[in-house]
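The opening position of the sequence shown corresponds to residue 1 in the UniProt record's numbering, with each subsequent residue numbered one higher.
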Amino acid sequence: MKFVPQSCIVCDLETTGLNPYRDEIIEIALLQLEEGRVTREMHTLVRPRRKIPVTIRRLTGLDDAALGAAPYLEEILPEAIRFIGPHPLMGHNISFDAGFLQAAHGRTLDNPLFDTRELARILLPGARSYRLSDLCRLLEIEMEGSHRALWDARAAAALYSRLMARAAQMEGKLLLHLAGFLTRAGSPWAEEMGQLAWQSRHSRINDRAPFRPSRVEEEAEPPRDPNIPADPEQLCALLEPGGPLATHLEKYEYRPQQKKMVAAIAGALAEEKYLLLEAGTGTGKSLAYLIPALQRSLKTGQRAVVSTHTINLQEQLWQKDIPMVKKALGWPFRAALVKGRQNYLCLRRWLHSLTVQDWTAREAAFYGRILVWARETATGDKNELNLTRDEQELWLSLCADGEACQGTGCRWFSRECYVTRSRRLAEAANLVVVNHSLLLSDIRAENRVLPAYGCLIIDEAHHLEDAATEQLGLSVSRSGLSRWLNALNRLLGRLSDVPSGENSPAWPALLQQVQEGRQRAGKGVELFFNTLQQLVISHCEKKGEGNAPRYQLRLRPGSKSDLTNDLQGEYSNLRLYIQELLSGLEKINSLLDDWSEEEIWAGHARDLSQVLSTGRKVAGELDCIMKGELDNHVYWVEVERGKENAAVILRAAPVQVNTVLYEHLYKDKKAIIFTSATLSVEESFDHFMERAGLNLLPAGQVMTMQVDSPFSYESQSLLCVVRNLPLPGEGSGAIYSEALAISLLDLAEITGGRMLVLFTSHQMLQETYNRLKPVCEERDILLLGHNLDGSRWNLVEEFRTTTRAILFGASSFWEGVDIPGPALSCVVMVKLPFWSPGVPVIEARLEELARQGKDGFRHFSLPQAIIRFKQGFGRLIRTEQDRGVVVVLDGRLLTKKYGRQFLNSLPLKSHIRGDMHLITRQIARWFNKESRHVSK
Ligand code: SF4
């Protein structure tokens with residue numbers, strides 16, 4: 001294989017931080033690579049003029065002593081620059097290294113830059129991470145270590161060779177197409193791909209078309225097996241020590257709680273009842289419902305559906321739990337994973353976008369990745385791709401969205417279409433795994449999305465109300481409208497390329513008129529959303545709202561003082577422009593209908609009718625929100641904070657979803673299981689039943705049950721409530737903030753970091769972070785902040801793998817964070833997690849309860865906070881080996897009457913209370929006792 005560039009310098013630097021003008025280089029490694037082989041190396045440490053920050057010391061192992069004898073940068077830089085010469089520079093995230101070299105050199109480096117990270121993103125579109133070490137692990141490249149310049153430079157060189165070898169295996173046509181995308185994207189790798197295409201032994205003229213979707217062999221019908229256990233007792237026997245699960249599964253542990261859950265679910269399904277089942281952490285819920293659901297389906301021939309809230313749990317069921325059940329029990333069942341349409345690639349849109357070649361640079365870079373992935377995927381599921389936020393937006397123009405689907409009119413519909421495939425697999429399956437959004441969109445589509453099913457298991461059921469609120473509402477965004485106008489622009493471009501001939505002499509003028517209408521509408525969209533954005537920001541800032549990632553402002557369309565009144569001018573114009581545009585499109589549409597006997601016009605007619613129907617829908621929804629036309633709905637606007645082209649979304653949602661759920665989800669079903677680790681409040685399910693509409697079912701139809709966790713919370717954990725911190729809202733914010741920072745630092749000293757701190761406000765999180773960051777640096781503690789140091793996934797990974805670390809999280813960190821083992825030994829809840837009554841949906845629900853004469857705090861705010869509190873508590877103990885402390889810094893737990901309800905809802909019945917001094921002593925004693933216990 002011929003390598004291009006044939007000669008280049010692989011470069012890696014270690015630095016004291018990320019800013020090339022503030023931070024300093026502390027290590028340089030340069031390798032000359034010729035024809036894929038290293039021919040020269042230069043490596044040196046560099047002495048900085050500032051202390052090495054603790055994060056860098058931990059990352060690289062380099063400290064002030066190690067660098068004390070190294071040359072200063074000015075002594076070594078000329079040699080490095082000479083070594084590089086005019087050669088192209090290559091490296092992992094090379095623009096970072098080039099930026100530092102340029103800043104140090106004081107001049108622009110003209111050398112072409114080849115980024116191995118970018119190459120990996122193109123050629124490995126499904127890799128879960130593009131960190132150098134993760135890629136090396138994925139491709140089985142041996143690394144000497146990481147985060148040292150020489151090791152990383154060598155690893156980048158090896159990664160480059162491995163990736164190019166991979167590209168060399170691709171079909172010539174595909175490589176040529178990839179080169180086309182990369183050229184449009186301005187990527188230096190374009191030339192490499194083009195050259196490889198011609199070198200490739202696969203590049204014969206009659207290459208198999210690489211863009212044809214693969215056909216998936218469907219599983220044969222499973223044989224009927226009469227030996228499926230018939231009753232709950234026989235099912236429970238499968239879980240016993242010595243049973244098939246224990247025999248076939250490596251890490252299986254017998255848990256009586258899991259057996260109890262299986263018996264209860266099997267009983268409820270057999271008796272056709274609704275069961276609310278709260279199962280403590282560690283019960284093994286998934287297996288406990290999969291087994292009876294499958295048994296029921298195999299016995300009755302009726303399909304079972306399992307719905308989860310998160311895609312993570314859906315994937316865990318699909319990739320781990322279902323194969324485990326299949327392996328252990330050997331039952332002849334078929335399962336299918338079904339997601340919402342937007343998760344799948346639309347083949348028609350994708351293949352069309354390959355031909356039109358009117359891509360922007362952003363699109364071309366994205367399409368290059370899709371091209372590589374699309375030839376391999378069997379599911380077309382975007383979850384196989386690692387998409388950036390920007391790419392998620394671009395995905396919307398390729399996905400199998402219902403608005404864009406031509407249904408039976410599409411040539412791919414009957415076989416290759418990924419949506420059709422997934423629906424077909426679902427129809428043939430005994431068990432279908434979905435998420436709550438899809439389950440609820442099935443309600444909205446009057447059960448045309450999912451095949452009929454006999455029993456339904458709703459896991460993570462405490463999210464059902466919020467998922468229904470989200471799914472049954474409306475939303476119109478700036479980006480959605482812009483996407484629609486872009487799609488229209490492209491279509492108009494294609495239409496103007498086709499000569500209408502004798503068909504209609506007025507055709508060019510009509511197209512021109514519509515194009516002008518589109519431009520007017522585009523300006524109208526910008527003006528409307530920019531004005532809306534400014535109004536929301538100034539409104540929220542006047543109210544002194546905290547720094548959550550989004551501003552949220554309630555709208556009350558029709559009321560005199562509402563913000564929608566200030567937008568009437570912009571909205572009237574926008575509405576008029578959209579109406580004019582739609583009527584112009586309707587004229588084009590009727591002409592195309594007349595000409596649609598010719599194939600070329602028929603295709604355009606289909607595209608246009610989709611653009612039209614999307615336009616009508618968006619215009620209708622926008623009107624509906626601006627006029628507040630829906631009864632019992634709450635309206636609001638969300639604006640992303642601190643971004644130039646921020647997301648601006650207008651929303652409407654039903655205030656109550658209980659009757660909709662009852663009418664459309666429960667009423668006609670015979671058996672539904674609702675499960676979660678947090679459904680009850682003080683052992684009562686009333687709150688959940690009321691919110692989810694289960695109280696509307698006949699009495700006696702709904703059963704409830706609690707299954708305790710197998711963990712011994714009394715011995716594995718310690719709960720501490722601190723009483724001497726100022727109560728939230730008392731005294732000045734600065735006093736509270738100072739006291740909070742000191743308390744956290746005291747705790748971190750005892751626990752050696754290993755601490756997750758849960759906040760209820762982003763503002764408080766950031767203030768505390770800013771106070772503690774420098775102190776933590778001095779004390780060799782790594783402090784990680786939600787929205788401050790990276791994505792949630794990266795933060796959790798970094799926390800998990802660092803010895804002395806504190807992780808600050810808000811909102812989403814209260815649940816779903818799973819860090820077993822000693823990496824997490826202390827969970828701190830800064831305040832009791834009451835939702836802010838200013839959140840539009842919460843405010844509207846409280847108003848609705850007040851209208852019904854109910855106390856909103858008792859009926860809604862308090863139980864919701866208790867459920868979140870239980871979730872937060874549940875972050876600590878994830879396995880039977882885990883040990884640790886939970887500290888609550890909110891004294892209201894002791895001083896308010898409702899505090900007892902929080903405490904009574906936890907699986908741990910005892911706690912210690914006192915001032916911070918006493919608590920820290922007790923925690924120190926507890927950890928000492930624990931470490932003696934472990935060392936015995
Ligand atoms: S049937 Fe619909 S979703 Fe499927 S490929 Fe065709 S247009 Fe796309």
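We treat Cβ as the ideally placed atom computed from N, Cα and C, and that holds for glycine.
Residues near residue i in its chain [Cβ-Cβ closer than 7 Å; skip 5 each side]
{"i": "A268", "result": "L275, A671, I673 and M703"}
{"i": "E767", "result": "S737"}
{"i": "residue 966", "result": "Since the displayed the chain opens at 1 and closes at 936, residue 966 lies outside it and no answer follows."}
{"i": "Q515", "result": "L492"}
For residue i, the three-state DSSP class (helix, strand or coil)
{"i": "G407", "result": "helix"}
{"i": "A805", "result": "strand"}
{"i": "D207", "result": "Residue placement at D207 is poorly supported in this model, since its pLDDT is 49, which falls under 50; the coordinates are not used for a value here."}
{"i": "T675", "result": "strand"}
{"i": "R878", "result": "coil"}
{"i": "T388", "result": "coil"}
{"i": "residue 949", "result": "As displayed, the chain neither begins before 1 nor continues past 936, which places residue 949 out of reach and without an answer."}
{"i": "N447", "result": "coil"}
{"i": "H463", "result": "helix"}
{"i": "A924", "result": "helix"}
{"i": "H87", "result": "coil"}
{"i": "C720", "result": "strand"}
Straight-line gap, residue i to residue j (C-alpha atoms, nearest Å)
{"i": "G282", "j": "L239", "result": "15 Å"}
{"i": "G301", "j": "H248", "result": "26 Å"}
{"i": "K617", "j": "V611", "result": "10 Å"}
{"i": "N206", "j": "V306", "result": "Any reading at N206 needs caution, since the residue's pLDDT is 46, under 50, leaving its predicted position unreliable; the model's value is listed next. So the alpha carbons of these two residues sit roughly 46 Å apart."}
{"i": "L846", "j": "P837", "result": "8 Å"}
{"i": "N343", "j": "L398", "result": "10 Å"}
{"i": "S203", "j": "G180", "result": "Any answer about S203 is weak, because its pLDDT of 49 lies below 50 and its placement is not dependable; what the coordinates show is given next. So the alpha carbons of these two residues sit roughly 15 Å apart."}
{"i": "R925", "j": "G914", "result": "15 Å"}
{"i": "T420", "j": "R478", "result": "31 Å"}
{"i": "Q871", "j": "T408", "result": "46 Å"}
{"i": "W814", "j": "E233", "result": "37 Å"}
{"i": "Y635", "j": "V476", "result": "12 Å"}
Own chain residues within Cβ distance below 8 Å of residue i, not counting five before or after
{"i": "R208", "result": "In this prediction, R208 scores a pLDDT of 48, lower than 50, which makes its location untrustworthy; the coordinate-derived value is nonetheless stated afterwards. Cβ within range, chain order: E171."}
{"i": "Y662", "result": "G693, L694, L696 and L697"}
Check: residue i C-beta below 7 Å from any heavy atom of the ligand SF4
{"i": "T420", "result": "yes"}
{"i": "A342", "result": "Reading off the sequence shown, one finds Gln at residue 342, where the question assumed Ala. Answer for Q342: no, Cβ out of range of the ligand SF4."}
{"i": "L456", "result": "no"}
{"i": "A605", "result": "no"}
{"i": "R348", "result": "yes"}
{"i": "G874", "result": "no"}
{"i": "G522", "result": "no"}
{"i": "G884", "result": "no"}
{"i": "Q610", "result": "no"}
{"i": "W412", "result": "yes"}
{"i": "residue 937", "result": "There is no way to answer for residue 937, as the model of the chain reaches only from 1 to 936."}
{"i": "A400", "result": "yes"}
{"i": "R620", "result": "Residue 620 is actually Gly in this sequence, not Arg. Result no, Cβ not under 7 Å from the ligand SF4."}
{"i": "G186", "result": "no"}
{"i": "G180", "result": "no"}
{"i": "C8", "result": "no"}
{"i": "C236", "result": "no"}
Opening and closing residue of the beta strand (DSSP E) in which residue i lies
{"i": "R651", "result": "V648 to P654"}
{"i": "A452", "result": "No beta strand (DSSP E) holds A452; DSSP gives it neither H nor E."}
{"i": "S297", "result": "Not the beta strand (DSSP E): S297 falls in the alpha helix (DSSP H), residues K285 to T300."}
{"i": "F114", "result": "L113 to D115"}
{"i": "residue 1023", "result": "The structure shown has nothing for residue 1023, since the chain only spans 1 to 936."}
{"i": "I25", "result": "I25 to E34"}
{"i": "N435", "result": "L431 to N435"}
Proximity test, Cβ basis, 8 Å: residue i and chain D
{"i": "T379", "result": "In the structure shown, chain D does not exist; there is a single protein chain."}
Span of the alpha helix (DSSP H), counted from its first residue to its last, around residue i
{"i": "Y274", "result": "Unbroken run through Y274 is the beta strand (DSSP E), Y274 to A279; no alpha helix (DSSP H)."}
{"i": "I228", "result": "Element bounds for I228: n/a, residue is neither H nor E."}
Residue i: CB within 7 Å of a non-hydrogen atom of the ligand FAD
{"i": "Q406", "result": "Summarising the ligand content, the structure contains the ligand SF4 and does not contain the ligand FAD."}
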